[in-house]
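Asks: Once you've had a glance at the structure underneath, I'll fire off some questions.
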Amino acid sequence: MATSSYKKNVTSISLLVFCVVIISCVFLFSVIKTNMINDTIQHEADLADTIIKSTRYAMLQDDRITLGNIINNIGEREGVEHVRIFNKKGLIMFSSHSGEIHKLVDKNAAGCIVCHSGPVVATSMGRMEQARRFINERGVHVLAITAPIYNEPDCNNASCHFHSAGQKLLGTLDIGLSEEQLQKSLTAMKNTILVFCFILLVLIIGGIAVLLKVTGRSEPPVVKPDVSGFAGE
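Quick note: the sequence shown uses numbering that gives the first Met the number 0, first residue 0, plus one each step.
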């Protein structure tokens, strides 16, 4: 009877511990995954800002050759899937893929619909709104950032430009990076959490089993009252 009760207690507590540990590990991985993706988006957004600032002088000088070379050099970096600049009308002016140049982008595509979803085109977005994830035509998982290129005073005052001061948005920079390294990091993190979860379950359930076993043995035996003296009366 004691053995049956012991097994029942161990099973019940083990199931409870198993559920708690699994849920906790899933939640932990979800939080870590979200943070890693957000950090990657932040890094890519900073990279987009750096590219815009690096190409600004070439834009002001209307130096299309230098601007094209900068875009091509960035596009040759490992992990960069595409870099393109298109104007307000959606015409691709510069791209790391030469076949895209002078083609119109689809305004209903993932990277454009955020700004073009309403009757008025949005001219400002948050970092998370600028990001999108998709699988390109080569089957590569891509994390892309769409960064607006604003019309600043040094732009509308430049002799080579015809943009008025009232035109807030000049164009857009679109850069996409492969998620390969991110996915490798997430897989490694998931495997680490799984191993940690397994070890934790073994230690906790094993400890509970031993504790219940020791507790069950240390309980004082139940003494039955001696009623033999009353039987002879």
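The beta carbon of each residue, even a glycine, is placed where N, CA and C say it ideally should be.
(1) Just to confirm the assignment, what range does the alpha helix (DSSP H) spanning isoleucine 69 have?
(2) Per DSSP, asparagine 86 forms a beta bridge with which residues?
(3) Could you check which residue in Ala146, Val194, Ala187 has the C-alpha nearest to that of asparagine 86?
(4) How many angstroms separate the CA atom of glutamate 179 from the CA atom of leucine 185?
(5) Measuring only the C-alpha atoms, how far is aspartate 173 from isoleucine 21?
(6) Answer yes or no: do phenylalanine 28 and isoleucine 192 have a C-beta to C-beta separation smaller than 8 Å?
(7) Are there three or more Cβ pairs, one per stretch, closer than 8 Å when the stretch 27-46 is compared with the stretch 61-69?
(8) If you follow the beta strand (DSSP E) that arginine 132 is part of, which residue opens it and which one closes it?
(9) Considering leucine 142, what are the terminal residues of the beta strand (DSSP E) in which it resides?
(10) For glutamate 77, count the other beta carbons within 10 Å of its own beta carbon; 16 or more makes it buried, fewer makes it exposed. Which is it?
(11) Report, in whole angstroms, the separation of the C-beta atoms of glycine 175 and histidine 101, which I expect to be a contact under 8 Å.
(12) Assuming the contact rule is C-beta atoms closer than 8 Å, glutamine 182 and histidine 140 should be a hit. Round their C-beta distance to whole Å, please.
(13) Quick one: using the 10 Å Cβ neighbour count with 16 as the cut-off for buried, is glutamate 232 buried or exposed?
(14) Nearest to lysine 106 by CA position, among Gly98, Ile204, His96, Ile91, is which residue?
Replies: In terms of the structure at hand:
(1) For this step, residue 69 is matched to residue 70 along the sequence shown. That run of the alpha helix (DSSP H) goes 63-74.
(2) Your numbering for residue 86 matches position 87 in the sequence shown. Looking at the DSSP assignment, asparagine 86 forms a beta bridge with Gly170.
(3) Position 87 of the sequence shown, counted from the first residue, corresponds to residue 86. Among Ala146, Val194, Ala187, the Cα nearest to that of asparagine 86 belongs to Ala146.
(4) By one-based count along the sequence shown, residue 179 stands at place 180. By one-based count along the sequence shown, residue 185 stands at place 186. Rounded to the nearest whole angstrom, the C-alpha separation of glutamate 179 and leucine 185 is 10 Å.
(5) Within the sequence shown, the letter at position 174 stands for residue 173. Within the sequence shown, the letter at position 22 stands for residue 21. C-alpha separation (whole angstroms): 40 Å.
(6) Along the sequence shown, read from residue 1 onward, the residue named residue 28 stands at position 29. Along the sequence shown, read from residue 1 onward, the residue named residue 192 stands at position 193. Closer than 8 Å, so yes.
(7) Touching, no, given that fewer than three Cβ pairs across the two stretches are closer than 8 Å.
(8) Translated into positions along the sequence shown, residue 132 becomes position 133. Note, arginine 132: beta strand (DSSP E), 130-134.
(9) For the purposes of this step, residue 142 is identified with residue 143 of the sequence shown, where counting begins at 1. Where leucine 142 is concerned, the enclosing beta strand (DSSP E) starts and stops at 140-149.
(10) Against the sequence shown, residue 77 aligns to sequence position 78. A residue is called buried once 16 or more other Cβ atoms fall within 10 Å of its Cβ, and glutamate 77, having fewer, is exposed.
(11) One-based indexing of the sequence shown puts residue 175 at position 176. One-based indexing of the sequence shown puts residue 101 at position 102. At roughly 20 Å, the Cβ-Cβ gap does not stay under 8 Å, so glycine 175 and histidine 101 are not in contact.
(12) Here residue 182 is taken as the residue at index 183 of the sequence shown, counted from 1. Here residue 140 is taken as the residue at index 141 of the sequence shown, counted from 1. Their Cβ separation, rounded to whole angstroms, is 7 Å, which keeps glutamine 182 and histidine 140 in contact under 8 Å.
(13) Here residue 232 refers to the residue found at position 233 when the sequence shown is read from its first residue. Note on glutamate 232: pLDDT 49, under 50, position unreliable in the model; the coordinate value appears next. Classification for glutamate 232: exposed.
(14) Locating residue 106 in the sequence shown gives position 107, counting from the first residue. The option with the nearest alpha carbon to lysine 106 is Ile91.
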